[in-house]
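Listed in order, the protein sequences are those of chains D and F.
Take 1 as the starting number for the first sequence in our numbering and just add one per residue.
Take 435 as the starting number for the second sequence in our numbering and just add one per residue.
Number of protein chains: 2
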Amino acid sequence: MERRHRVVVVGAGFGGLATLRSLADAPIDVVLVDTNNFHTFQPLLYQVATAGLDSDDIAYPVRGIAARHGGGADVRLGRVVDVDLSGRRICFEDGPALEYDQLVLAAGAVTATYGIPGVEEHAFGLKQLSDSLALRAHVLRQFERVAVDRSLIEQGALTVVIGGGGPTGVELAGGLVELFDRVLARDFPTLDLRAARVVLVEPADRLLGSFAPRLSELARRTLASRRVEVVLGVGVAGTDGKVVELTDGRRIPMGTLVWTAGVKAGPLAECLAEQLGEGALTRGGRVVVEPDLSLPGHPEVFVIGDLAGATGDDGELLPQVAPVAMQGGEHVAQVIRASLDGRPGTPFRYHDKGSMATIGRHAAVAQLPNGVRLSGTAGWLSWLGLHLVMLVGFRNRVNVLVNWAWSYLTYDRASRLIVDVDEHPLEHPPGTSS
Amino acid sequence: MERRHRVVVVGAGFGGLATLRSLADAPIDVVLVDTNNFHTFQPLLYQVATAGLDSDDIAYPVRGIAARHGGGADVRLGRVVDVDLSGRRICFEDGPALEYDQLVLAAGAVTATYGIPGVEEHAFGLKQLSDSLALRAHVLRQFERVAVDRSLIEQGALTVVIGGGGPTGVELAGGLVELFDRVLARDFPTLDLRAARVVLVEPADRLLGSFAPRLSELARRTLASRRVEVVLGVGVAGTDGKVVELTDGRRIPMGTLVWTAGVKAGPLAECLAEQLGEGALTRGGRVVVEPDLSLPGHPEVFVIGDLAGATGDDGELLPQVAPVAMQGGEHVAQVIRASLDGRPGTPFRYHDKGSMATIGRHAAVAQLPNGVRLSGTAGWLSWLGLHLVMLVGFRNRVNVLVNWAWSYLTYDRASRLIVDVDEHPLEHPPGTSS
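Quick look at the structure:
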């Protein structure tokens with residue numbers, strides 16, 4: 001039985017899903033591959049970590065997406081450990097390899113800790129749904145521990161240090177102080193919540209380096225007014241899990257360290273580099289691509305999103321953000337369609353639609369490519385609207401709206417649950433008392 | 435500093451919360467103790483297991499409840515390992531002991547496996563939120579495994595065996611076939627879903643033993659028409675994790691075993707029995723109580739809900755269901771209030787408000803104490819309404835309604851997520867590919 005032309009898309013993030021949607025009615029077989037059975041709406045991971053939303057508000061089953069928006073694409077759940085370029089197949093940690101005629105690599109980026117001592121061992125990341133759930137449980141557990149033993153406060157149990165003042169760090173910092181001051185202050189009425197410090201550490205001299213300096217300063221002032229301690233021009237030197245040492249020698253006792261200070265292309269980039277040799281990767285470990293986003297020497301392979309070393313008109317690497325991944329996905333779908341007709345691909349051009357970061361209730365910054373800058377309530381409302389529209393699936397939108405409206409009106413966060421989950425038979429009930 | 439009269443309530447289930455609410459404005463300190471920081475709406479655990487609802491739809495933070503409905507009760511998170519009756523204090527796995535003037539034990543029941551070989555090691559329970567999440571992930575993972583390797587079907591990978599035909603077993607069976615036939619059939623269009631068997635095993639000669647025989651038969655017929663294989667008069671003899679052996683010698687290859695066939699009073703009953711000596715426990719390990727639900731010889735200690743061996747007018751032990759726990763909680767709150775005024779407690783009388791079990795879309799059975807029996811769509815609508823009203827917290831109700839309406843209209847289940855969560859630093863990202 002001869003099989004149809006098969007396009008394999010690795011990664012169900014923004015890039016992979018955009019590819020899938022844009023290939024929906026092409027006369028080919030499409031297989032979507034991911035380690036998770038759901039798409040994660042990464043821009044809202046911090047809301048799960050700060051108990052504003054729960055898992056299913058920001059995660060959507062990929063099989064549902066593949067059936068409804070992918071024109072009946074197939075799905076393969078598994079961790080890709082190798083791309084065999086000459087054999088035209090991808091290999092999994094478990095199970096048989098999968099052959100492709102064309103391949104789209106959209107596997108994204110992972111957290112980079114730059115070898116700073118102790119960070120990999122002790123810091124929480126914020127790239128995956130499970131990261132957010134683990135961070136939420138950990139932070140809430142610190143408050144429960146302190147409720148039993150106040151002496152832990154002096155050891156910094158309630159202090160959260162965030163390494164990295166980009167959008168993720170800023171949004172998480174703003175979300176945490178709201179959680180502390182609005183919600184946990186009521187949950188723990190006898191605790192002095194001033195002990196719950198949020199320290200945002202950024203080595204550059206301003207937050208949100210990709211935004212206009214005026215918006216950076218606005219973000220800093222807003223965070224500071226909400227009692228986030230913003231430390232600029234100083235980096236994290238290391239940690240032993242109990243104290244974070246900064247590069248200026250300061251030592252901060254803390255209960256939680258979150259690392260949002262860097263990403264690097266995922267491990268598949270290394271696989272490709274081994275086969276392609278020197279010069280295959282850019283700085284940050286991204287994969288060098290042709291103007292049409294195909295792999296040099298392998299026109300049947302495309303790399304998009306955070307994994308791709310695509311450049312803009314200025315020759316600079318494009319930012320590792322969702323719009324670049326989505327536009328890249330739409331572009332390679334067009335190139336694939338063209339190739340089916342024997343036509344060559346066109347070069348990818350990224351259209352900057354602007355950037356946004358929210359700082360909390362009634363405060364966000366946004367800059368649009370036409371020079372328009374929004375901030376305060378206007379910025380916040382556009383942020384809300386954009387994210388509602390972007391969320392995949394009608395049902396998720398309604399739930400997110402309900403949750404947000406509820407949080408807004410009541411200052412409540414219903415998702416502040418500490419849940420330990422493991423596949424466990426009756427013999428090993430989960431430890432829920434730690 | 436002298437402390438106020440302190441009532442400690444162990445357990446944030448239906449019984450504990452009813453006690454808390456009924457004590458809300460009493461001039462005493464109330465401390466609510468639980469291993470989890472949330473109340474679990476146990477009757478809907480099966481909906482989380484079958485991907486209809488997600489965690490925060492059926493779990494509500496106890497600190498929010500304590501602040502809002504408990505008149506500012508305090509909360510202590512921790513696992514109670516001992517009750518020191520003579521010292522009037524409870525001891526925790528971690529942290530200092532907690533002294534009480536009056537104590538309400540509402541710690542509930544745990545799954546009983548009756549020593550049947552292999553069940554404790556291999557079966558999933560359905561008593562806790564983490565049970566449901568683990569079961570959901572496990573079942574979905576079997577489908578993903580089969581999508582890669584069809585030969586697993588013959589080994590029964592898609593077969594779920596449920597031990598126990600009470601309300602939990604019946605509702606789970608009905609929920610699973612709906613998940614399989616309505617949702618996963620679309621997610622896995624090339625799989626023959628007839629291989630996804632649901633086998634419900636009940637040693638008695640009918641399902642739902644506490645209901646009228648007519649409703650039992652109706653439930654059996656409805657489940658059978660939705661292709662649940664109902665096996666009556668036969669029990670589970672044992673399992674090796676791959677095959678379930680029944681007491682009639684039948685062997686069923688399976689991928690998942692769920693055990694809903696029995697509960698026993700939680701381990702605190704044993705603690706009390708050690709101090710009270712012979713005759714302290716009833717069959718099923720429940721704690722013998724005085725007519726006012728106090729502990730014999732310890733009028734300052736009360737036991738309610740699944741943990742209590744309270745009896746009805748007929749001298750039979752009361753069923754281990756939510757209404758008994760709630761009415762017990764309200765009752766001991768009245769006895770405690772009376773004791774503050776130096777008045778004696780009155781005997782507890784349980785008022786049966788009826789029972790319900792849902793089988794799926796448009797099908798439920800309900801029997802009311804006045805002899806009214808509902809079934810089909812009428813039973814289902816009353817079931818829906820009752821559970822919406824019972825759910826703690828306005829916000830949860832709205833979300834549950836949105837989720838149910840969405841599931842109903844689209845046959846979709848948005849919560850079919852496989853999430854492994856552990857407290858993990860960056861060093862150990864969660865394995866999501868198994």
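By construction, the Cβ of each residue, glycine as well, lies at the ideal position given by its N, Cα and C atoms.
Since this is a predicted model, take the numbers as computed values, not measurements.
Beta-carbon proximity list for residue i, same chain, < 6 Å, skipping 5 on both sides
i        : result
F/Glu857 : Caution applies to F/Glu857, whose pLDDT of 47 falls short of 50 and renders its modelled position unreliable; the value that the coordinates give is listed next. Excluding positions up to five away in sequence, the list is empty.
F/Val662 : Ala607, Val611, Val632 and Leu634
F/Ala800 : Met790, Leu808, Gly813 and Ser816
D/Pro369 : Asp352 and Gly354
D/Gly71  : Ala24 and Asp25
D/Val243 : Arg251 and Pro253
D/Pro203 : Gly235
D/Gly164 : Thr260 and Ala261
F/Ser456 : Glu764 and Ala767
F/Pro601 : Ala791
Close-in-space but distant-in-sequence residues of the same chain around residue i (CB under 7 Å, 5 per side omitted)
i        : result
D/Gln327 : Tyr350 and His351
D/Val400 : Leu53, Asp57, Leu388 and Leu391
D/Val62  : Ala12, Leu32, Asp34, Asn37, Phe38, His39 and Val75
F/Ser867 : Bear in mind that the predicted position of F/Ser867 carries a pLDDT of just 33, short of 50, making it unreliable; the figure below should be weighed with that in mind. Taken in chain order, the list of residues that qualify is empty.
Beta-carbon proximity of residue i to residue j, cut-off 8 Å
i        : j        : result
F/Val467 : D/Val402 : no
F/Ala541 : F/Leu741 : yes
F/Phe736 : F/Leu539 : yes
D/Leu223 : D/Ala185 : no
F/Thr716 : F/Leu691 : no
D/Val201 : D/Thr159 : no
F/Val444 : F/Ile462 : no
F/Val758 : D/Gly95  : no
F/Glu554 : F/Gly675 : no
F/Ala507 : D/Asp187 : no
D/Phe180 : D/Ala157 : no
D/Pro512 : D/Val288 : Chain D is shown only over 1 to 434; residue 512 of chain D falls outside these bounds and no answer can be derived.
D/Arg226 : D/Gly360 : yes
D/Arg416 : D/Ala59  : no
N-terminal and C-terminal residue of the beta strand (DSSP E) that residue i is part of
i        : result
D/Gly379 : D/Gly379 -> not in any beta strand (DSSP E); alpha helix (DSSP H) instead, spanning Gly376 to Met390.
D/Val332 : Not the beta strand (DSSP E): D/Val332 falls in the alpha helix (DSSP H), residues Ala322 to Leu340.
F/Asp468 : Asp463 to Asp468
F/Val723 : Unbroken run through F/Val723: none, as it is neither H nor E.
F/Ala493 : Ala493 to Pro495
D/Gly365 : It is Val, not Gly, that sits at residue 365 of chain D in the sequence shown. Here the beta strand (DSSP E) through D/Val365 covers Ala363 to Gln367.
F/His732 : His732 to Val737
F/Ala671 : Val670 to Thr673
D/Arg4   : Counting along the chain, D/Arg4 falls outside any beta strand (DSSP E), and DSSP gives it neither H nor E.
D/Val263 : Val263 to Ala265
Terminal residues of the alpha helix (DSSP H) in which residue i lies
i        : result
F/Phe448 : Phe448 to Ser456
F/Gly624 : Looking at the sequence shown, residue 624 of chain F is not Gly but Thr. From DSSP, F/Thr624 is part of no alpha helix (DSSP H); its letter is neither H nor E.
F/Ser650 : Pro647 to Ser659
F/Val853 : Premise fails: F/Val853 is in no alpha helix (DSSP H) and is neither H nor E.
D/Ala273 : Leu268 to Leu276
F/Gln476 : Element bounds for F/Gln476: n/a, residue is neither H nor E.
D/Glu316 : Segment: none, D/Glu316 is in no alpha helix (DSSP H) and carries neither H nor E.
D/Thr50  : No alpha helix (DSSP H) holds D/Thr50; DSSP gives it neither H nor E.
D/Asp131 : Leu129 to Val148
D/Gly72  : Careful: D/Gly72 lies outside any alpha helix (DSSP H) and carries neither H nor E.
D/Val170 : Pro167 to Glu178
D/Glu121 : Val119 to His122
With 16 other Cβ atoms within 10 Å as the buried cut-off, status of residue i
i        : result
D/Arg286 : buried
F/Asp516 : buried
D/Gly279 : exposed
D/Ala269 : buried
D/Glu2   : exposed
D/His428 : Any reading at D/His428 needs caution, since the residue's pLDDT is 49, under 50, leaving its predicted position unreliable; the model's value is listed next. With fewer than 16 other Cβ atoms within 10 Å, it is exposed.
F/Tyr842 : exposed
D/Gly342 : exposed
D/Thr19  : buried
Contacting residues, own chain, Cβ-Cβ under 8 Å from residue i (five flanking each side not counted)
i        : result
F/Ile524 : Val442, Val444, Val467, Val514, Asp516, Val517, Asp518, Ala531, Leu532, Tyr534 and Leu537
D/Arg4   : Pro27, Ile28 and Asp29
Exercise. Can we say the region 109-125 of chain D touches the region 252-270 of chain D, given the rule of at least three CB pairs closer than 8 Å?
Worked result: yes
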